[in-house]
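Here the structure is laid out as structure tokens; the discussion comes afterwards.
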Amino acid sequence: MNAPLISLSGIRRAFRAGDEEIEALKGVTLDIEEGEMVAIIGASGSGKSTLMNILGCLDKATAGQYRIAGRAVSSLDSDELAALRREHFGFIFQRYHLLPELNAVGNVEIPAIYAGTSSSSRRERAAALLTRLGMADRTGHRPGQLSGGQQQRVSIARALMNGANVILADEPTGALDSRSGNDVLEILEELNAEGHTVIIVTHDPEVASRAARIIEIADGEITSDTITRPASRPAGHETRKPRQRRSPFRFGAALSEAFQMALIAMWAHKLRSFLTMLGIIIGIASVVSVVAIGQGAQSTVLENISSLGTNTLEIFAGKTIGDVRAGKITTLVVNDAVALSNQPYAAAVTPTVSRAATVRYGSTESNALVNGVGAQYFKARALELEEGSLFNQAAVRARSQDVVIDSDTRDTLFAAGEDPIGKVILAGKVPARVIGVVKASQTGFGSSGNLSLYMPYTAVQTRFLGETTLRSVILQVDDGYDMHDAENAVTELLTQRHGTRDFYILNTDDIRQTITSTASTLALLITAIAVISLVVGGIGVMNIMLVSVSERVSEIGVRMAVGARRGDILLQFLIEAIIVCLIGGCLGIATALGFGSLLTALISGFSVLYSSGSIIAAVICSTLIGITFGYLPARSASKLDPVAALSGE
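Just add 5 to wherever you are in the sequence shown, counting from 1, and you've got this note's numbering.
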């Protein structure tokens with residue numbers, strides 16, 4: 006003899022209400038055979054809904070034994086209980102519990118999704134079930150577009166989707182008019198006639214009278230159990246055993262289905278999804294923009310610094326700055342510059358001498374500094390030629406009286422629009438022909454505030470100074486060498502040549518290092534602020550996802566009732582959080598790119614430098630935020646008790 010399909014023995018269910026314990030069921034013992042149509046009737050608060058929840062594995066008994074086809078339910082874990090709900094039971098609820106964002110076919114398909122059925126197969130079966138229930142012309146309609154009776158038919162089709170052999174109907178006609186209610190009861194009778202075990206929970210005696218067996222319950226106890234007619238069972242029908250639990254569908258397929266469900270849920274709540282990702286958009290845009298602006302600013306600063314010639318060493322006579330005996334030291338000579346120019350770390354070397362003089366052109370005169378320099382001076386100081394040409398090494402050897410003036414000198418001596426090239430000016434009593442104009446220098450000789458003229462140092466030595474000693478030697482260090490290493494090498498070389506250290510070196514790279522360090526510190530500070538905003542955005546995602554969980558409690562309950570495992574719920578909500586953060590990250594990057602373009606257009610001479618590394622890091626960061634801050638809400642959703650979730654609105 007086969008064991009009863011459903012067997013309850015001494016089932017108790019108690020709830021805590023403060024310090025008081027309330028017993029909803031008090032030692033219920035009940036057997037239900039396969040193929041029966043049973044009505045459980047009782048007044049509100051009698052315990053009938055609690056009994057149905059335990060029968061459907063939505064709730065657990067406090068005490069007693071519940072067996073399905075001889076299998077003890079108490080020994081099953083959450084995933085095994087989900088398998089029972091998915092493959093053994095079909096639920097029909099008074100409030101239908103359809104998902105508003107899905108159409109009729111989509112709602113019917115849900116149990117098959119968690120059973121791992123292919124999309125084409127489940128869609129075909131869902132359409133067939135709806136057609137059978139008279140819903141062929143409403144398959145594409147959402148719940149809000151259906152009447153109460155039509156929604157209940159969708160609910161019935163969903164209960165049959167996985168071929169459940171036990172139909173649990175909780176007040177299936179409670180929200181329907183009499184005609185629709187009668188149609189639903191006729192469908193349940195047809196299902197029972199086909200061999201499905203049907204259990205109806207109701208408070209209506211008329212509904213209960215349609216069953217072959219009526220069980221009355223009051224105050225948590227069964228008061229009567231009446232068989233009104235023999236159970237109708239098709240000829241040749243054999244008692245069906247619960248099917249073996251299907252293997253969980255492959256992770257790839259599960260991921261794909263969860264991804265699709267997440268997209269549907271997000272699209273159905275577009276405003277909430279946008280508000281969720283807004284914090285991520287702002288955070289990612291801030292980080293990418295700050296990094297790009299910081300890199301652009303640093304590049305601009307370094308470019309400006311390089312234009313000032315700060316990768317140079319300038320060697321002066323005298324042991325230290327301000328040495329009173331420096332004027333008597335004559336060991337710094339042109340041959341020192343020649344020796345330095347042969348060193349591998351030297352990109353450019355030039356001797357320098359200087360003499361203050363009054364410069365005249367026509368009736369205009371002004372104070373000026375006549376700078377005697379070598380042909381490589383303009384490279385070493387990174388002076389930009391505006392017009393004309395520069396003198397070369399041949400002019401230096403010939404002691405040429407060619408002169409290169411700066412733009413300030415041009416603007417002072419010559420009328421607006423007048424071409425200075427080829428004109429002869431007087432520097433003191435020495436005539437000089439202008440061959441080129443360079444942009445005014447902000448460092449070096451030009452720092453005195455006088456106009457700057459540049460002539461071959463040989464011409465200045467013979468025509469202005471009458472001596473061969475040098476004021477200084479400027480050495481531009483090659484980019485492949487460290488400035489301080491080059492300084493040490495210069496010190497060693499000149500000490501050997503002079504026999505003593507009677508010179509000092511001004512390493513102008515210290516200026517660049519200071520400015521660069523300051524710029525980097527500021528960029529780091531702003532980046533830290535942007536990262537904080539990103540973290541705040543992540544916390545915002547978590548908060549809104551937690552609110553989302555509370556708003557979607559009923560949906561979670563429905564999914565669990567039709568067989569979703571905790572892992573399925575966790576995966577769906579986690580994917581939603583990741584998608585929100587990924588889309589937010591992409592929108593944040595787009596916002597940053599747009600902001601950079603606008604900034605470049607508004608500020609001339611300023612560039613925003615985006616790095617692929619920062620963009621990739623932003624995408625990775627947004628994904629990690631989705632995983633990190635989405636896990637807690639997702640875990641919270643997966644831990645919900647099915648019966649508690651179903652009762653939540």
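The C-beta atom is built at its ideal place from N, Cα and C for all residues, glycine as well.
Bear in mind the structure is a predicted one, so any value in this text is a computation, not a measurement.
Residue i - partner residues in DSSP beta bridges
i: E319; result: I479 and L511
i: R17; result: A68
i: E25; result: A22
i: S368; result: According to DSSP, which records beta bridges pairwise, S368 is partnered with nothing at all.
i: M460; result: G377
i: M42; result: V203
i: V354; result: L480
i: T473; result: Looking at the DSSP assignment, T473 forms no beta bridge with any residue, so it has no partner.
i: G288; result: BP columns for G288 are empty, so no partner.
i: I37; result: I11
Nonlocal neighbours in the same chain, by C-beta distance under 6 angstroms from residue i, ignoring five residues either side
i: R570; result: D84 and A87
i: A597; result: A290, V293 and S294
i: Y366; result: L418 and I430
i: A68; result: R17
i: R127; result: E114 and A117
i: A650; result: V558, I561 and G562
i: G139; result: none
i: A240; result: Bear in mind that a pLDDT of 44 at A240, under 50, signals an unreliable position, so the number given afterwards is only what the model happens to contain. Cβ neighbours of A240 beyond the five flanking positions: none.
i: H102; result: V563
i: S12; result: D36 and R72
i: F98; result: D175
i: A400; result: D407 and P461
When the options are compared against residue i, the one with the closest alpha-carbon
i: L431; options: I298, L480, V375 and R404; result: V375
i: I27; options: A162, C586, R17 and G200; result: R17
i: G377; options: E391, Q398 and H93; result: Q398
i: G200; options: S619, E226 and I172; result: I172
i: A362; options: M460, I59, L603 and T474; result: M460
i: A74; options: L89, K444 and D82; result: L89
i: L475; options: T336, I537, A400 and F469; result: T336
i: P638; options: A582, C591 and G618; result: A582
i: A672; options: Q518, L190, G393 and I544; result: The structure shown does not extend to residue 672, since the chain spans only 6 to 654, so no value can be given for it.
i: D36; options: G50, L30 and Q70; result: Q70
i: S371; options: G95, L13 and T414; result: T414
i: T633; options: A606, S641, L579 and S616; result: L579
i: M42; options: D573, E389 and L193; result: L193
i: E262; options: V203, S124 and A132; result: S124
i: S80; options: C62, H93 and F96; result: C62
i: N112; options: T136, T122, R137 and T144; result: T144
i: C586; options: G572, Y636, S612 and G40; result: Y636
i: A223; options: A344, S602 and S54; result: S54
Terminal residues of the alpha helix (DSSP H) in which residue i lies
i: R130; result: S124 to R137
i: G572; result: R571 to L607
i: I59; result: K53 to L60
i: G154; result: G153 to L165
i: R404; result: Note, R404: premise wrong, no alpha helix (DSSP H); not H, not E.
i: E492; result: M488 to H503
i: E211; result: P210 to A213
i: E195; result: S183 to A198
i: K384; result: Y382 to A385
i: I630; result: S617 to S643
i: N340; result: V339 to S346
i: G111; result: A109 to A120
First through last residue of the beta strand (DSSP E) which encompasses residue i
i: T231; result: E226 to I232
i: G441; result: V435 to V443
i: L173; result: V171 to D175
i: V429; result: V429 to A432
i: G95; result: F94 to I97
i: A223; result: R218 to A223
i: L10; result: It is not in any beta strand (DSSP E) - L10 carries neither H nor E in the DSSP assignment.
i: E391; result: L390 to G393
Own chain, CB closer than 7 angstroms to residue i, minus 5 neighbours either side, in chain order
i: R91; result: P116, Y119, A120, N167, V567 and G568
i: E472; result: Q466
i: E492; result: L318, I510 and N512
i: L181; result: G153, G154, Q157 and V189
i: L196; result: I172 and V203
Nonlocal neighbours in the same chain, by C-beta distance under 8 angstroms from residue i, ignoring five residues either side
i: T532; result: V292, V295, V296 and G299
i: M488; result: N316, L318, V482, N512 and D514
i: L614; result: A297, Q300, G301 and S304
i: K384; result: A352, A353 and Q481
i: D646; result: D64
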